[in-house]
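Numbering-wise (the numbering used here), the sequence shown opens with residue 108 and increments by one. Beta carbons are placed, not taken as given, at the ideal position from N, Cα and C, and that holds for glycine. Contents: one structure, followed by commentary.
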Amino acid sequence: MAITLLNPEGLPKIDVYRQVSVATGSKLVFVSGQVSWDADGVTVGEGDLAAQVEQSYVNVGTALAEAGATFDDVAKLNFYVVDWTPDKMPTLLEGVSRAAKTLGVTPVPPVTMIGVAALDIPDHLVEIEATAVID
Numbered sequence: 108m109a110i111t112l113l114n115p116e117g118l119p120k121i122d123v124y125r126q127v128s129v130a131t132g133s134k135l136v137f138v139s140g141q142v143s144w145d146a147d148g149v150t151v152g153e154g155d156l157a158a159q160v161e162q163s164y165v166n167v168g169t170a171l172a173e174a175g176a177t178f179d180d181v182a183k184l185n186f187y188v189v190d191w192t193p194d195k196m197p198t199l200l201e202g203v204s205r206a207a208k209t210l211g212v213t214p215v216p217p218v219t220m221i222g223v224a225a226l227d228i229p230d231h232l233v234e235i236e237a238t239a240v241i242d
């Protein structure tokens with residue numbers, strides 16, 4: 108496996124992600140920001156952050172698979188959330204948990220959460236991008 112995830116001593120231990128990923132593979136995979144569209148371009152979960160996180164995360168998994176990668180190969184995730192406030196975290200984590208169950212993965216790579224004013228269309232509440240490394 109090309110990715111080793113670490114929680115260094117001296118940094119907080121966060122249950123839902125690791126603080127550091129070390130990549131040793133030779134092929135980088137960059138997944139563009141995925142929103143909650145289904146295969147036909149229809150928004151899934153309009154107005155429902157958890158549902159949109161779930162669909163966006165599943166879409167990341169689909170993109171990774173096309174490149175020959177899995178979530179085990181993900182070195183970094185970035186979440187862009189419309190009108191982000193910390194009280195939305197449980198709802199966001201619910202969506203991640205549902206997607207992880209659907210995909211059969213344990214999602215713990217380093218994550219950056221970025222609040223934004225808007226995304227590509229008003230219906231989209233979250234966008235997730237990934238960087239993976241494979242051998």
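In the three-state reduction of the DSSP assignment, Lys120 falls in the coil class. Looking at the backbone, the Cα of Pro193 and that of Gly202 are separated by about 15 Å. Thr169 and Thr111 have their alpha carbons spaced roughly 22 Å apart. In the DSSP assignment, Gln162 falls within the unbroken alpha helix (DSSP H) covering 156-173.
Distance check between Trp191 and each of Ile235, Glu173, Val223, Gly148 places Val223 closest, using alpha-carbon atoms only. Taking C-beta atoms as the reference points, Gly140 and Ile235 count as a pair closer than 8 Å.
Using a Cβ distance threshold of 8 Å, Ala206 and Val151 do not count as a contacting pair. With at least 16 other beta carbons inside 10 angstroms of its own, Leu184 counts as buried.
Here the alpha carbons of Val136 and Phe178 stand approximately 11 Å from one another.
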